[in-house]
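**Student:** Protein chains in written order, with this note's numbering: chain A, 1 to 226; chain B, 1 to 294. Cβ coordinates follow ideal geometry from the N, Cα and C atoms, glycine included. Below you'll find the structure I mean.
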Ligand SMILES: Nc1ncnc2c1ncn2[C@@H]1O[C@H](COP(=O)(O)OP(=O)(O)OP(=O)(O)O)[C@@H](O)[C@H]1O
Ligand SMILES: [Mg+2]
């Protein structure tokens, strides 16, 4: 992290409790610098998705402070949430695609919401979909795709508006080795172009031979792993 | 910009969800149809009661042998009363003629009878807005005091009955109208709520990829506006068609010659259309609200 540069993501004493039940996240302190590529790992149910969801404001923390790209999540009003989300490309663990929309429409959505002109939308969407290897299935409906294909549509939608921050929640969970490698290459490329990436996975192979920082969640508590 | 985007998305959306849109429009128009028919019925019933009441006049019978020169003076006196719309003098000869035509084939019974044996009278038409039952009673009582007058007849039982009847009718109409309105609003609001809930996932996803609430709501509200407009338009067209048909039927039949139908006044038409549109748009906005928070 460069001196004096505000972090892209910063959590300070963040806890999240669902209802009266278990603590999904306990007192998390985490800073991720701009341009950094960080792996977030930990067993199933350890709170990885919950942490990501806090960052794009799908959940509110029970306590603690969160800032993303210098926006304080705690004081964000309902009208500001869309502005935050346009800076963050999220690859959802469960894809969150519109089933009755085509591949093209699903990806185009992320550009339409920011008011891009239709001709520009068309060009960029095609490019990105070809980039994830679905160029021949542009007009296929999302329900008619395999799990792996759906995951790649979700990836395309998350990156199509070139967000400065990418939150990837198990983006390779449904992919074979070849596709996984392609996705990792795509992530490296986006990171090289300046995007900050927080990559949640429990697949050790993805970060075993990397020089990247890896943080580990265990029962909602954070521990540096590598 | 946001409007043109919304319009474009609304069109695409209508195409994609066409069956649902048609269903909702049908529900709106059916709910309104019942209400609109009811309005047509109650307005015509009210007109009928009013017209019938207006035709009921007051008849002032004079004593036999009143000097002719007193007639115009009495005429003036009656015309001068507040709320009197028209006065007609019926001479004994005229009354005799009416009796003859009433008796038709049995008019021989009048043979040899003095054509002046019936008393002269005034037939008074009153303005029902001014003359309620109490006022008629009062005026009748006053006129009865005049020395030239033998009797005042004003269809007392009829007026009593009519008054009571139209009072009850007015209450029934008001209550059932209100219930029908509530039912229509309830059915429409719930149908809309269900169609919005069916698309809950879509709303959430739009929010998650950074859509503003107005971006998400725009097409939905445009669709709701069109549904409200089309639904009420269809209902009103069907009611108007029925009205025109009945009107033609009544005109052709001799039995109902005097029975005039009237369509809903434009204020009703405007109220039905605008409340339908408002109901659809508000219902949609309210149903969507809970999915647009996070
Ligand atoms: N909406 C919710 N309501 C209640 N509990 C929840 C909710 N979301 C998550 N949890 C709980 O929080 C804990 C962390 O869940 P989370 O989804 O963050 O785990 P994860 O690390 O992403 O797991 P996985 O690797 O299986 O995706 C779990 O115990 C889960 O049951
Ligand atoms: Mg998860």
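State whether the segment 214 to 234 of chain B contacts the segment 99 to 111 of chain A, with contact taken as three or more CB pairs (one from each stretch) at a distance under 8 Å.
**Tutor:** Because the criterion of three Cβ pairs below 8 Å is not met, the segment 214 to 234 of chain B and the segment 99 to 111 of chain A do not touch.
**Student:** Kindly indicate if chain B contains any beta-carbon less than 9 Å away from that of residue 149 of chain A.
**Tutor:** False, the Cβ-Cβ gap to chain B never drops below 9 Å.
**Student:** With 9 Å as the C-beta to C-beta threshold (strictly closer), list the residues of the segment 111 to 124 of chain A near chain B in chain order.
**Tutor:** Here the close residues are 112, 113, 114, 115 and 118.
**Student:** Given residue 71 of chain A, which residues of its chain have a CB within under 7 Å of its CB, disregarding the five upstream and five downstream residues?
**Tutor:** Within the same chain, residue 71 of chain A has close Cβ partners 84.
**Student:** What does residue 96 of chain A touch in chain B if you count any residue whose Cβ is under 9 Å from its own?
**Tutor:** What residue 96 of chain A touches in chain B: 201, 204, 205, 208 and 209.
**Student:** Quick check: the Cα distance between residue 315 of chain B and residue 176 of chain B, rounded to an integer number of angstroms?
**Tutor:** There is simply no residue 315 of chain B to check, as chain B begins at 1 and stops at 294 in what is shown.
**Student:** Which residues in chain C have a C-beta closer than 9 Å to the C-beta of residue 3 of chain B? List them in chain order.
**Tutor:** Of the protein chains in the structure, A and B, none is chain C.
**Student:** Suppose you measure from the CA of residue 3 of chain A to the CA of residue 184 of chain A; what does that come to, to the nearest Å?
**Tutor:** Because the pLDDT at residue 3 of chain A is just 48, under 50, the model does not fix this residue reliably, and the point stays unresolved.
**Student:** Rounded to the nearest angstrom, what separates residue 196 of chain B and residue 25 of chain A at their Cα positions?
**Tutor:** Each residue's Cα considered, the two are about 34 Å apart.
**Student:** In angstroms, rounded to a whole number, what distance separates the CA positions of residue 1 of chain A and residue 34 of chain A?
**Tutor:** Caution is warranted here: a pLDDT of 46 is assigned to residue 1 of chain A, below 50, making its placement in the model unreliable, and no coordinate value can be reported.
**Student:** Please list, in chain order, all residues of the same chain as residue 95 of chain B whose beta carbon is under 8 Å from its beta carbon, the five residues on each side excluded.
**Tutor:** Cβ within range, chain order: 118, 119, 120 and 121.
**Student:** Leaving aside the five residues before and after residue 261 of chain B along the sequence, list all residues of the same chain whose C-beta is less than 8 Å from its C-beta, in chain order.
**Tutor:** Only 44, 243, 246, 247 and 250 meet the Cβ criterion.
**Student:** In whole angstroms, give me the CA-to-CA distance for residue 285 of chain B and residue 211 of chain B.
**Tutor:** Taking the straight line from one Cα to the other gives about 16 Å.
**Student:** Does the beta carbon of residue 104 of chain A come closer than 9 Å to any beta carbon on chain B?
**Tutor:** No, because no Cβ of chain B sits closer than 9 Å to the Cβ of residue 104 of chain A.
**Student:** Note down, in chain order, every chain B residue with its Cβ under 8 Å from the Cβ of residue 100 of chain A.
**Tutor:** Those are 16, listed as they occur along chain B.
**Student:** Under 8 Å: do the segment 52 to 62 of chain A and the segment 9 to 18 of chain A share three or more Cβ pairs, one atom per stretch?
**Tutor:** The segment 52 to 62 of chain A vs the segment 9 to 18 of chain A: in contact.
**Student:** In the DSSP assignment, what are the bridge partners of residue 47 of chain A?
**Tutor:** Note: residue 47 of chain A sits in no beta bridge, so no partner.
**Student:** Below 8 Å, is the gap between the Cβ of residue 211 of chain A and the nearest heavy atom of ligand 1?
**Tutor:** Residue 211 of chain A Cβ: outside cutoff for every heavy atom of ligand 1.
**Student:** I need the straight-line Cα distance from residue 190 of chain A to residue 177 of chain A, nearest angstrom please.
**Tutor:** Those two C-alpha atoms are separated by around 20 Å.
**Student:** Go through the residues and name those whose CB comes closer than 5 Å to any heavy atom of ligand 1, in chain order.
**Tutor:** Selection output, chain order preserved: A:18, A:24, A:44, A:45, A:46, A:47, A:48, A:49 and A:50.
**Student:** Quick check: does the Cβ of residue 200 of chain A come within less than 8 Å of any heavy atom belonging to ligand 3?
**Tutor:** This structure lacks ligand 3; the ligands present are ligand 1 and ligand 2.
**Student:** What whole-angstrom Cβ distance do residue 182 of chain A and residue 147 of chain A have, given they're in contact under 8 Å?
**Tutor:** No, residue 182 of chain A and residue 147 of chain A are not in contact; Cβ-Cβ is about 16 Å, not under 8 Å.
**Student:** Compare the Cα-Cα distances from residue 136 of chain B to each of B:289, B:59, B:71 and B:216 and report the closest residue.
**Tutor:** When each option's Cα is compared against that of residue 136 of chain B, the closest is B:59.
**Student:** Could you check what DSSP says for residue 262 of chain B in three-state terms: helix, strand or coil?
**Tutor:** If DSSP states are grouped into helix, strand and coil, residue 262 of chain B belongs with coil.
**Student:** Between residue 138 of chain A and residue 196 of chain A, is the Cβ-Cβ spacing less than 9 Å?
**Tutor:** For residue 138 of chain A and residue 196 of chain A, no; Cβs fall outside 9 Å.
**Student:** Return the first residue and the last residue of the beta strand (DSSP E) that residue 25 of chain A is part of.
**Tutor:** Segment 23 to 32, the beta strand (DSSP E) holding residue 25 of chain A.
**Student:** On the CB-based measure, 16 or more other CB atoms within 10 Å of its CB, does residue 272 of chain B come out buried or exposed?
**Tutor:** When all chains shown are included, residue 272 of chain B counts as buried.
**Student:** Would you please state the rounded distance, in angstroms, between the beta carbons of residue 69 of chain B and residue 90 of chain B? I believe it to be under 8 Å.
**Tutor:** 18 Å between Cβ atoms; not a contact.
**Student:** Identify the contact partners of residue 293 of chain B in chain A, using a Cβ-Cβ distance below 8 Å as the criterion.
**Tutor:** By Cβ distance, chain A contributes 78.
**Student:** Can the beta-carbon of residue 279 of chain B be found closer than 9 Å to that of residue 239 of chain B?
**Tutor:** Result no, Cβ atoms of residue 279 of chain B and residue 239 of chain B do not sit closer than 9 Å.
**Student:** Whose C-alpha, out of A:152, A:120 and A:63, is nearest the C-alpha of residue 17 of chain A?
**Tutor:** Nearest option by C-alpha distance: A:63.
**Student:** Let me confirm a value: residue 4 of chain B is counted as buried when at least 16 other C-beta atoms fall within 10 Å, else exposed. Which label applies?
**Tutor:** Flag for residue 4 of chain B reads exposed.
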